Amino acid sequence: MSGTTSRRWHGRARLRAALAGAVLLLPAVAAMRPVRAAETRAMNARANERTTWDSVFTLVQAERGQAAYAKECARCHAAGLEGADAAPALAGSAFQGAWNGQILEELHARIHTAMPTDTPGVYSKQLVTDVVAHLLRANGFPAGAQELTHENGALLGIRFVATRPGARTRAAQGARVPSTR
Ligand code: HEC
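Quick note on numbering: numbering that gives the first Met the number 0 labels position 140 of the sequence shown as 139, and the sequence is numbered without any gaps.
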């Protein structure tokens, strides 16, 4: 066997081994693909997700919600949202702690299906959506240019986040921080 033949033979053997490896790997890669797709979808959903800090309701809507609240909810939860007897407060740290991390769909569904406790289910979805806007405003979340809507699963994509995110990021980007002097 000359040196050239030997090198060529080794080269072919390597190629064959590489091909065999690829053939063995293909089904494994194919099997991984659905998992990857699901992961990607979940990551996209998280990336597209908004929070209660993203100006998800309008002031006009919150005022409409406030009027509806005064008419429908205040008799149990009190006019200033502070709660009374068995009806808990709907503003403040206890309320924010209870709903922190949940999606707005849950809050909406809770009100829509369980309120008022004496005759549950009488409120329209739109009324509940407007009242949720009022609750968000009363809990210190910012209003914006677009109304909150319960349509097309929109409330599934908005998370109730109690503390404002990114304060440190803004400071790091050179936003004015209050002086300690
Ligand atoms: C008849 C009295 C009554 C009325 C009217 C009423 N609620 Fe309630 N609500 C309660 C009671 C009692 C509870 C506590 C028991 C429960 O969660 O079912 C409660 C609980 C809640 C909760 C859950 C609070 C938490 O942090 O767990 C929310 C949110 C809520 N109400 C919102 C509303 C809104 C908004 C309206 C008006 C659209 C409304 N309720 C009307 C009595 C009432």
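Using N, Cα and C, we set each Cβ at its ideal position, and we do this for glycine too.
Note that the structure is predicted; figures quoted are calculated from it, not measured.
Helix, strand or coil for residue i, going by three-state DSSP, please let me know.
i           : result
residue 74  : helix
residue 183 : Residue 183 lies beyond the stretch modelled for the chain, which goes from 0 to 180, so this question has no answer here.
residue 109 : helix
residue 63  : helix
residue 132 : helix
residue 86  : strand
If I'm right that residue i touches residue j with Cβ under 8 Å, what's the distance once you round it to whole angstroms?
i           : j           : result
residue 90  : residue 126 : That belief does not hold up - the Cβ atoms of residue 90 and residue 126 are roughly 19 Å apart, past 8 Å.
residue 161 : residue 80  : At roughly 16 Å, the Cβ-Cβ gap does not stay under 8 Å, so residue 161 and residue 80 are not in contact.
residue 82  : residue 88  : 4 Å
To the nearest angstrom, report how far apart residue i and residue j are at their CA atoms.
i           : j           : result
residue 114 : residue 107 : 10 Å
residue 193 : residue 116 : The displayed coordinates of the chain run from 0 to 180. Any statement about residue 193 would go beyond what the structure contains.
residue 142 : residue 132 : 9 Å
residue 169 : residue 119 : Low local confidence applies: a pLDDT of 49 at residue 169 is under 50, so the model's placement there is unreliable, with the coordinate-based value given in what follows. If I take the Cα positions, the gap works out to 44 Å.
residue 153 : residue 111 : 16 Å
residue 86  : residue 77  : 9 Å
residue 147 : residue 84  : 30 Å
residue 122 : residue 69  : 14 Å
residue 63  : residue 165 : 30 Å
residue 101 : residue 129 : 18 Å
residue 93  : residue 144 : 28 Å
Should the stretch 154 to 163 be called in touch with the stretch 56 to 70, which here means at least 3 C-beta pairs below 8 Å?
-> Segments in contact, no.
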